[in-house]
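Reviewing the structure listed below.
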Amino acid sequence: MIWILLLRTLICVNAYVNLALKKPTFELNPRTATSIKTSNAVDGLKSNLVYNGGECSLSRSKRSATWWVNLTTVYSINNIRVYMANVTGELNSTIGSYLGFSIYVSNTPNKSDGCPVPGYNGADCNISCYDADCRKSHVQTGTCQGCFGFEDKTSCKYEQMDGIFWSTTISGKTLEEPCPGNQKGVATRLCDENGVWELPNFINCTNEALANASLLLDAIIANETRDEFRIQETVNNTLQLMKNLTSPNSGISAGDLSSSLDVLEKIVTVTNATGSVIEKEVFYAVIDNILSPNNINSWTAVTEKTEKDPSFLLNNMDRFSEIILQNDNITATEFVGSNLELVINRTKIDKTGIRFPDEELNNVSQNSEDILTFLQLPKQAFTATKEIGYIAILYKTMSAILGSDPKRRELKGEQVDKFKQRSFVNSPILSLTTRRDLGVLDPPLNLMFGHIVKNESTEAYAVCVSWDFNLKKWSDERCTVNKTDRRRTVCHCNHLTNFAILMRPYIPVTEDSSFLETMSLVGVALSIAFTFLTSLIYILTWKFIKSDKNFMMLNICGSLVLSYAMFLSSVEQTANEVACVAITAIIHYLFLVTFFSMLGLGVYYFMSITVTYYALHVANNFKSKSRLHWFLGGIWGIPVIITATNLGAFWGKGYHLKSYCWLSIKSGSLYLFIIPVCLISLINIFIIVSLLRVLFASSIVARSSLQRKASSGLRSLGTLLPVLGVTWLFGILAVNDNAVVFQYLFVIVNSLQGVLIFVSHVLFDKKVRQGIRNKYPSFSTIFSFAERGTKETSLGSQSPSTSKSNAPSMKSKVRGEEKEYDEKILAYQSEGI
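Below, the structure is given as structure tokens:
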């Protein structure tokens with residue numbers, strides 16, 4: 001690579017073997033003329049070396065210039081010959097400027113002065129022995145000795161594009177080059193895995209003058225400049241520069257758009273901090289230019305490659321409006337541009353309202369089919385002591401720029417297809433800001449929006465929305481649709497901000513889904529009521545029914561009531577993101593506590609009944625002292641670990657649904673609820689099967705009639721299923737919208753969960769009934785029906801194997817254990833099992 005740095009010079013290059021002949025060239029600040037080209041210097045011609053002879057390259061006057069030729073490979077060079085132009089006549093006066101130039105020879109396109117260590121190249125001199133063509137270099141001389149290392153790798157070949165030489169690059173790598181022309185920054189280009197160049201990325205390339213202006217604003221923000229006159233001059237000069245740079249005649253580059261947004265934010269910050277007076281009309285003219293539809297492609301690039309989007313502009317416009325309204329001496333101002341229209345004025349809000357835009361100023365003909373877009377704030381109910389300032393803004397073309405957002409890019413197709421896509425803005429945007437916070441508007445703000453795309457479809461409907469700067473999205477809170485048709489929508493909103501119309505895809509509500517929703521609400525309310533009643537009875541009669549099993553039952557009831565109540569009251573509170581994340585985590589935790597409580601009770605039953613059948617001494621050891629603290633530690637502790645892990649893994653990655661404060665299956669956070677629930681349900685199914693098996697293996701049941709066996713089994717199932725959470729498996733099967741049968745089963749069985757808990761663990765539990773009798777003797781007659789049912793299904797009173805008269809005759813150890821086991825079965829049957 002040959003680098004030649006010079007001041008306004010005319011050059012031609014030749015050598016013994018002209019290695020530069022017809023090779024790619026580039027010049028910074030070239031003179032533009034028909035006969036003057038950068039490539040003239042390597043065309044091999046040197047017979048007519050006058051400045052306009054068509055054989056030399058010429059740099060612009062009074063500009064430092066860099067001219068280089070890319071030899072495209074590594075050569076051993078021992079001679080460089082530079083031919084100067086023959087300058088005669090009036091140009092002889094400038095001959096002195098040709099005397100100062102330098103020549104640089106480098107074996108890398110990345111560093112202008114080469115690397116100090118032989119055999120290394122790259123911007124940081126950390127790449128060993130390879131040039132752009134992956135050739136092996138001599139470790140001392142740098143002489144190319146052939147290919148080495150990357151022969152079989154895919155690469156993007158050298159090419160010149162957009163004024164930049166893009167050297168050969170290995171696939172999967174991103175090449176960085178200085179921005180072309182009078183731009184500052186670094187341009188990047190990715191060589192994809194297939195060895196194909198992607199389009200260059202100029203998002204970090206900024207107009208040199210704009211970049212310098214940005215640095216001046218940075219100095220002001222950092223308090224390095226305190227001269228008020230200089231601050232005001234800097235801000236206004238920057239605005240004038242931006243007005244010229246963003247001229248609507250041609251679109252601005254993505255890099256200049258991104259930098260312009262940053263500079264506008266800095267201007268607003270400087271104005272707010274210093275109180276400097278700026279030219280508002282120029283500021284609004286810059287905004288009008290930036291919103292030009294000619295810049296849609298640049299907006300697309302900016303939203304893809306940076307964190308900035310159109311809401312960034314809305315936010316700074318709102319900040320600037322607040323700064324203007326702080327002035328007590330507001331003067332009436334109007335601005336009407338191609339893409340932006342606004343008015344600044346004062347009004348006494350309780351006497352006269354606000355209408356914007358005024359029909360007379362609006363450039364839409366009343367006789368055309370176009371619908372006016374305007375806002376009207378009626379006079380408010382409160383008493384105002386003085387006039388207040390306000391700023392009303394109409395963003396005419398913002399919807400087109402919002403459509404450039406890559407998240408909504410599919411909306412840029414045919415109008416008919418728009419309604420088959422996700423929500424999109426279908427109107428201009430209206431904004432109203434007042435100096436005084438008006439609170440809840442009474443009467444509300446009226447907004448008329450003309451539809452950009454006429455709604456001829458039944459697949460989408462209009463929604464009145466306002467921009468939420470905290471959530472950075474459109475919200476339909478505090479706005480309602482007053483009326484709508486294919487051409488227009490009228491909205492009522494009770495607050496002030498930026499407003500628009502969203503078209504949302506219509507999702508029809510089926511008869512089944514509506515009925516299921518009603519059933520769910522009624523069922524959950526019923527379940528909460530009976531579960532709460534069960535808890536209340538257990539608390540009131542606790543001294544009569546105190547046991548580890550009943551404490552865990554009380555734990556299940558309490559967690560179930562809390563989780564259902566939290567879910568119903570808070571699941572739709574999505575307005576505040578932090579609060580919604582907290583609500584999601586709390587609901588997740590409470591439901592996990594409920595299921596681990598069910599698992600704990602299942603394990604307790606297993607140890608007390610199943611293990612008694614197979615190893616009586618183990619069961620007796622288990623029940624010899626309370627294990628409650630171990631159960632409660634696991635019940636309340638393990639869900640903490642799962643919830644915290646889930647929150648940490650999916651924080652900021654779609655932890656909850658957009659419309660509800662509950663875990664998202666799309667992001668995967670819901671699986672840390674589904675998996676534990678499924679595992680607990682399967683374990684409890686195994687426990688239930690084992691309980692039924694040993695129940696029917698006992699001598700009490702074995703000697704009973706078939707009818708009594710069936711009655712005992714059904715009663716045990718009715719007691720165990722509600723408290724062991726097995727019915728929630730229907731919910732897993734009901735996830736598919738087409739599985740209507742399982743959806744109905746899930747709603748029905750879980751709606752009855754609280755009722756079944758009350759029936760089986762209060763009405764059919766002998767110990768609880770006796771506790772109620774002891775506490776409230778007047779309730780004795782209420783339980784007569786339950787006792788008759790219990791007597792009919794109880795098997796113990798009629799079993800000869802457990803009568804007292806037979807007890808002394810059981811001499812063997814086996815008979816003794818059988819008697820003890822049968823007595824335990826009778827005891828648990830009296831508790832509902």
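Take 1 as the starting number for the sequence shown in UniProt numbering and just add one per residue. Just so it is clear, CB atoms sit at the ideal spot from N, CA and C, and this is done for glycine as well.
Output the distance between the C-alpha atoms of residue i and residue j, rounded to the nearest integer angstrom.
| i | j | result |
| --- | --- | --- |
| residue 837 | VAL762 | An answer regarding residue 837 cannot be provided, because it is not within the stretch 1 to 833 covered by the chain. |
| THR169 | GLU334 | 54 Å |
| GLU90 | ASN40 | Below a pLDDT of 50, predicted positions are generally treated as unreliable, and GLU90, at 46, falls in that range; no measurement from the model is reported. |
| THR25 | VAL235 | 39 Å |
| VAL17 | ILE80 | 10 Å |
| LEU650 | LEU592 | Reading off the sequence shown, one finds Phe at residue 650, where the question assumed Leu. Distance between the alpha carbons of PHE650 and LEU592 is about 18 Å. |
| ASN182 | PRO357 | 41 Å |
| MET1 | VAL186 | With a pLDDT of only 31 at MET1, under 50, the local geometry of the prediction cannot be trusted, and no value is derived from it. |
| LEU7 | TYR158 | Model confidence at LEU7 stands at a pLDDT of 27, short of 50, so the residue's coordinates are unreliable; what they give is reported in the following sentence. C-alpha separation (whole angstroms): 29 Å. |
| VAL465 | TRP474 | 6 Å |
| SER690 | ILE609 | 9 Å |
| ASP192 | GLU304 | 18 Å |
| SER669 | ASN237 | 52 Å |
| ALA400 | ILE296 | 8 Å |
| GLU792 | GLY771 | Since pLDDT at GLU792 reaches only 46, below the 50 mark, its modelled position is unreliable, and the value read off the structure follows with that caveat. In a straight line, the C-alpha of GLU792 is about 22 Å away from that of GLY771. |
| ASP43 | LEU340 | 52 Å |
| ASN426 | HIS451 | 6 Å |
| LEU342 | GLU577 | 32 Å |
| TRP299 | ASP309 | 8 Å |
| LYS23 | PHE165 | 12 Å |
| PRO428 | GLU265 | 23 Å |
| SER137 | ARG31 | Bear in mind that the predicted position of SER137 carries a pLDDT of just 47, short of 50, making it unreliable; the figure below should be weighed with that in mind. Near 37 Å, if we compare the C-alpha coordinates of ARG31 and SER137. |
| MET317 | ALA525 | 48 Å |
| MET503 | ASN482 | 15 Å |
Restricting to Cα atoms, I'd like to know which of the options is closest to residue i.
| i | options | result |
| --- | --- | --- |
| ARG488 | LYS666, ILE501, CYS479 and VAL694 | ILE501 |
| LEU21 | ASN244, ASN70 and ALA187 | ASN70 |
| TRP630 | PHE551, CYS479 and ILE683 | PHE551 |
| SER321 | TYR390, ASP476 and VAL196 | TYR390 |
| HIS492 | CYS479, ASP468 and LEU657 | CYS479 |
| CYS179 | LEU190, GLY172, ASP162 and ASN194 | ASP162 |
| ASP218 | PHE606, ASN555 and ASP262 | ASP262 |
| SER247 | VAL282, THR433, SER214 and GLU193 | VAL282 |
| LEU375 | GLY251, ILE323 and ASN446 | ASN446 |
| ILE642 | ARG486, THR373 and ILE586 | ILE586 |
| ASP227 | LEU264, LEU562 and SER276 | SER276 |
| LYS396 | LYS472, TRP467 and SER292 | SER292 |
| LYS546 | LEU628, LEU377 and THR373 | LEU628 |
| MET242 | PHE532, VAL759, MET317 and ILE267 | ILE267 |
| LEU752 | GLU279, LEU521 and ARG486 | LEU521 |
| LYS472 | LEU402, ILE537, HIS588 and TRP636 | LEU402 |
Using 8 Å for Cβ pairs, my map puts residue i next to residue j. What's the rounded Cβ distance?
| i | j | result |
| --- | --- | --- |
| LEU438 | LEU394 | The Cβ separation is near 20 Å, so there is no contact. |
| TYR83 | LEU45 | 10 Å between Cβ atoms; not a contact. |
| LYS658 | SER667 | That belief does not hold up - the Cβ atoms of LYS658 and SER667 are roughly 11 Å apart, past 8 Å. |
| ASN194 | THR154 | 7 Å |
| GLY337 | ALA285 | 7 Å |
| SER535 | LEU554 | 6 Å |
| ILE388 | THR434 | 6 Å |
| GLY634 | PHE596 | 7 Å |
| GLY251 | ASN294 | 4 Å |
| GLY353 | LEU377 | 5 Å |
Taking DSSP's pairing of strands, which residues face residue i in a bridge?
| i | result |
| --- | --- |
| GLY389 | ARG346 |
| THR489 | PHE449 and THR484 |
| TYR461 | ARG504 |
| LEU430 | LEU394 and PHE499 |
| THR333 | ILE344 |
| CYS191 | TRP197 |
| ARG769 | Paired residue(s): none; ARG769 is not in a bridge. |
| LEU756 | DSSP, once it has assigned bridges, lists no residue as partnering LEU756. |
Beta-carbon of residue i versus every beta-carbon of chain B: anything under 9 Å?
| i | result |
| --- | --- |
| VAL465 | The structure shown contains no chain B; it holds only a single protein chain. |
Examine the Cβ distances between the region 337–352 and the region 383–391 and report whether three or more of them are shorter than 8 Å.
yes
Any chance the region 209–227 sits against the region 306–319, with 3 or more Cβ pairs inside 8 Å?
no
Using 8 Å as the cut-off, can you tell me whether the region 599–606 makes contact with the region 661–669, which would need three or more C-beta pairs spanning the two stretches below that distance?
no
Between the region 578–598 and the region 645–659, do three or more beta carbon pairs fall short of 8 Å?
yes
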